[in-house]
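The structure under discussion appears below in the form of structure tokens.
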């Protein structure tokens, strides 16, 4: 009895029965009708859910043939694992979607009935194995959809519905014709039987049959450009219906395609092209969308296109075993995320993306939106991430580079419009969007959690230890749960957890990993300590900080490219969100994200092609890459160069570094930026140094790019009035040297890279923290609004002083060591011109360094700053630690150089020799210990002399303004502090050389992308007849494409 | 210990000689300039008198710690630079502390004094100080370019960064001097040298003829004395460096005096003959012809000397 109730056929019968009963019952009692509606829905979910569990535990698939007679006169259903999965997912979306339609259903029993029948139609499409049955279910689904559209009775909705029905009718007509012809050829309507007689589907009729069948299904999937009819729908119907169409109907149609694909083995390239073109075009057009629902519609169409592409390509490559992971992952990701987003769009009910400003005041809504968008954009740990990764791997392995780049480009575009929307949500506004009933958010939250759970499961499925890999994410969630605690307590929790988590991992690291363990983890810990200086709650800050710090550990812990990439993406996402907390950051975060994702995708492609050649995702196996070494290395290095902020690819950097919260800027510039250096070294170690392939030419270009970056960074830093922008450009420039050092690929080069990296960590952390204190006290970042602060903030002044000496390369501090090593390495390599430019860059750096210290700490103090206090001591503690480190490494350079040499030992011929405290290279020598002692001597002796002389001089300490300037004693600091436009003459000297070419270039790229979007959109006239015509043209095109003309 | 005592003793002797020589050189230049302009000029001992006079001043003002330390930094920079350069080839007595570092150390240490001085001057709060420093640094970045290129050219040529070895390679007759083996590098370096000395046409950084700007604006008494002493030491150190790198070094004090004087006179002759550049003009000047010559010198070395 119970078993009978659970039979999958009831999925059809119950829905159909309830659908017919509903209008009747509603006449008596609307309440009962509602009850019946919900009970039926639950029942459907229950059946499919129980069967899903059973099938997952290995139960055999169910085959159902109704009425005791053979199809086509009866219904032939097949209920296997995939079917159960899709049907359950659809039923779940249906029941939760119904929640959003409560108002819509009120007084509309027919709507409920149609809704149930829609769910049934989709289930049928999924389950049936019979082509004619499939036609029937397609028709039922289409009619039910039309019914839901038409019930709304608004002109827009009716028009949309009309276009919809015309197009789908055309599609199902083709499908029916195809079915007829196939029946004629094979004598059966059952797909499995047809597969046994594939040889009969030949000749012109076979071709026509297949094409018609194919286009019938493909049109249902809304391929570009024959999809104008499908897009109006999303905008006009209630959110619940839109979600159902987007995920449910598409799921059914897609599953239909999945079923007939084996029949169409010859047409797979065309199917792939259809999917790929739709994915790309829809995402281009999505860029132009300002309407949330329509934008989500484009995203839906794009996602289905991507799944189509994946399905076709995996079958083409005989990798059908990956279909469940890739297509299934993409499917569940799309279903959960898109349904959630449509519901959210319905609950918030603000049509334009820019109307969502102020959502940040509603943390719950913001988190939901953030999770769903992250999933849709393919961020880890959500299913889309794993699926896209595997897709790229298989595309690369199958030698389909075009599709690799197309998929990545499309994904980038999709992220662009999705995150532009999120960017609006992150802005503050007086009147944030409201959600009337918070209960409505429950299904969305449920789906968000399901996304996480699915991500976790898929990670396990891939053979990863998900509980370990996903730690950064769970840490973020845990800390978010604790976000109500006081600020300092949270900071302590984060730091303690980080220490506890990082320590055992760090202990197990070796070589390069060990070195970067020190840099990222110890350095990160010291600089992150500064967050303690603020006692306020900083909502959202600590969870993200935890996620970011933990992802650094994961990055070092990664042994496969997948783990590395996972950590890299988490790092990207958490940095993005952290930066977005900065008050003025909203303008810059999208740029940051776009460049970060561009970088991530290049890295993914690089890993993909490596996997394609070696069949392994172990990072250490990168060394085996031979024929594609240049390609892999170029992609990886380019990806890391973007994150390192190499010239031309740097335009995300100044905004991100300067607009992030002040203490986070220190972490970002000093530590997080080093992850890119780590990546470069890793790629270099396996591909350039120990690799089997030759990549010298790539390194030559990278070497040049590095010194150009150093120069451009230094030059740009000169002209900044904003102290953090100055430091941001300075970071860019300093990282430029590191890039060049890595490209040198010799022991000297890599020792300098390591030395420069550590040194940069120390002084840039120091400077950013000092500046954090400055901004904290003065409330401004503009240098000309400060001045003469060395008396108020002596410790901060000393920090900056030590910092700038350590950057500048003036002996005796650490900076000189970096210059000595780098120039030696460059000379040794024979890169003389690069050395010349490096010289110039380091000279230019003096200018901005002097400006930094002069305009802020020297000169005339502003009257308002008279009583300013020193920075908070908790901010000074990490600075003191960094100063101690700089001084120790200055006195004993060996302390720093020895570990670096050890970390890279065995990879290069030795080029550095220690003789006592002196370091010798082939060309020169440097005894840091001696230098600092001599300098101390020549400094102290004149100082003592002056002190002695001072005893005979009556030295009077004078106050501010005790000077004569412009024939008077100045009365206001504003007129006598030389600070604004400090190097105007330099600007004059360089003239048009300083035009922002990189910015102009990327603006152009952005504009062109939008233009492509607009151009592709021109086809959408909104006219139903035109759309029908497109469908016909499309069919003809497919026919030609598959060879119907020949 | 004894080794160090001797080493330091030798260095103090060198320092004394260079200081006296530097001051005399300054007086010579002032007299030469005066003659060019039809004046008699100062007596040779005037720079000594100035220093003694300033040291004897009884009152002074201070704008703060950095102001006080500025001249100390400055003179430490000068003495330190000298300390890292061997003055006379093959002489233990005049080798200074050259063993601590090579050419790169000497070049980068030049900035030590400039930076410290700039900080002290900045604290005086006088805008002219800062303006002068800004201009000086700006001009410095520009003349560093041909200078660095020339240095790179000779490093390639001699395949070493050690000043001693560079001098050693130039022994055995005038024709072995860099001046004759690699004239382009020397021309580039000498053009850069004009900028370093801050004589006309590159003297706008201190604008000595009208209102004084730059570091000396607010300095006086012992502070000024220290700066004046440093000017002599620093000029001496730079001249010796140029002599070592480009003019065969020196085998004795007399040779050193003659060579450095001759090098200095180049700047004086140019200075006496040309009007002043604005700072943006001088930046552009250095980044054009001198830089091109510097580039040519590297190409020259790569094509003709090491290929």
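Residue numbers (the working numbering), protein chains in the order written: chain A, 1 to 1046; chain B, 1 to 307.
Positions of the beta carbon are idealized from the N, C-alpha and C atoms, including for glycine.
Check whether the Cβ atoms of residue 1049 of chain A and residue 479 of chain A sit closer than 8 Å, and answer yes or no. Any property of residue 1049 of chain A remains undetermined from this structure, which presents chain A solely from 1 to 1046.
Just tell me which of A:438, A:105, A:560 and A:642 has its CA closest to the CA of residue 591 of chain A. A:642
Please go through the same chain and pick out, in chain order, the residues whose beta-carbon is closer than 6 Å to the beta-carbon of residue 55 of chain A, but skip the five residues on each side of it. 81 and 84
Is DSSP giving residue 915 of chain A helix, strand or coil here? strand
Give the interface partners of residue 72 of chain B over in chain A, defined as CB-CB distance under 7 Å, in chain order. 939, 942, 943 and 946
Residue 390 of chain A, buried or exposed, once every other Cβ within 10 Å from all chains shown has been counted against 16: Answer is buried; the Cβ neighbour count reaches 16.
Any beta-carbon of chain B closer than 8 Å to the one on residue 930 of chain A? yes
Roughly how many whole angstroms lie between the Cα atoms of residue 254 of chain A and residue 277 of chain A? 16 Å
Using a beta-carbon distance cut-off of less than 9 Å, what residues from the region 157-184 of chain B approach chain A? 159, 160, 161 and 162
Express the C-alpha separation of residue 524 of chain A and residue 782 of chain A in angstroms, rounding to a whole number. Here the alpha carbon of residue 782 of chain A sits roughly 27 Å from the alpha carbon of residue 524 of chain A.
Same chain only: Cβ atoms within 8 Å of residue 924 of chain A, ignoring 5 sequence neighbours per side: 820 and 824
Span of the beta strand (DSSP E) holding residue 628 of chain A? In the DSSP annotation of this structure, residue 628 of chain A is not part of any beta strand (DSSP E), being labelled neither H nor E.
Is it buried or exposed, residue 967 of chain A, if we count other Cβ atoms within 10 angstroms and call 16 or more buried? exposed
Please check if any C-beta of chain B sits within less than 8 Å of the C-beta of residue 829 of chain A. no
Can you give me the C-alpha to C-alpha distance between residue 933 of chain A and residue 405 of chain A, rounded to a whole angstrom? 57 Å
Tell whether a beta-carbon distance below 8 Å holds between residue 84 of chain B and residue 100 of chain B. yes
Please go through the same chain and pick out, in chain order, the residues whose beta-carbon is closer than 6 Å to the beta-carbon of residue 244 of chain B, but skip the five residues on each side of it. 163 and 167
By DSSP, does residue 291 of chain A sit in helix, in strand, or in coil? strand
Taking Cβ to Cβ, would you say residue 342 of chain A is nearer than 8 Å to residue 239 of chain A? In contact: residue 342 of chain A and residue 239 of chain A (Cβ atoms closer than 8 Å).
Indicate whether at least one CB of chain C lies closer than 8 Å to the CB of residue 127 of chain B. Within the model displayed, chain C is absent; protein chains A and B are what it includes.
Proximal residues to residue 1014 of chain A (C-beta, below 7 Å), its chain only, five neighbours per side dropped: Same-chain partners within the cutoff: 288.
Taking DSSP's pairing of strands, which residues face residue 834 of chain A in a bridge? Beta-bridge pairing links residue 834 of chain A to no other residue.
Answer yes or no: do residue 271 of chain B and residue 21 of chain B have a C-beta to C-beta separation smaller than 8 Å? No, Cβ-Cβ distance for residue 271 of chain B and residue 21 of chain B is not below 8 Å.
Can you give me, in chain order, the residues of the region 136-148 of chain B that have a beta carbon less than 8 Å from any beta carbon in chain A? 137, 138, 140, 141, 142, 144, 145 and 148
Give the DSSP-derived three-state secondary structure of residue 925 of chain A in the structure shown. DSSP, reduced to helix, strand and coil, places residue 925 of chain A within a strand of the structure shown.
Relative to the alpha-carbon of residue 96 of chain B, which residue among B:75, B:281, B:149 and B:79 has its alpha-carbon at the smallest distance? B:79
I'd like to know if residue 102 of chain B contacts chain A, where contact means its C-beta is closer than 8 Å to some C-beta of that chain. yes
Tell me which same chain residues have a C-beta within less than 6 Å of the C-beta of residue 840 of chain A, skipping the five on either side of it? Result list for residue 840 of chain A: empty, nothing under 6 Å.
Using a cut-off of 9 Å between C-beta atoms, extract the partners of residue 60 of chain B located in chain A. 950, 953, 954, 955 and 956
Taking the continuous beta strand (DSSP E) assigned at residue 88 of chain B, which residues delimit it? From DSSP, residue 88 of chain B is part of no beta strand (DSSP E); its letter is neither H nor E.
Exposed or buried, residue 43 of chain B, counting other C-beta atoms within 10 Å across all chains shown (16 or more means buried)? exposed
Since residue 989 of chain A meets chain B, which of its residues come closer than 9 Å, beta carbon to beta carbon? 138, 142, 279, 280, 281, 282, 283, 284 and 287
Closer than 8 Å by C-beta to residue 34 of chain A: which residues in its own chain qualify, once you throw out the five before and the five after it? Chain order, please. 105 and 112
In whole angstroms, give me the CA-to-CA distance for residue 24 of chain A and residue 65 of chain A. As the crow flies, the alpha-carbon of residue 24 of chain A is around 30 Å from that of residue 65 of chain A.
Alpha carbon to alpha carbon, how far is residue 482 of chain A from residue 1062 of chain A? Give it in angstroms, no decimals. For chain A, the structure presents residues 1 to 1046; residue 1062 of chain A sits outside this window and is missing.
Given a cut-off of 8 Å on the beta-carbon distance, is the pair residue 509 of chain A and residue 899 of chain A in contact? Taking 8 Å as the Cβ cut-off, residue 509 of chain A and residue 899 of chain A do not qualify as a contacting pair.
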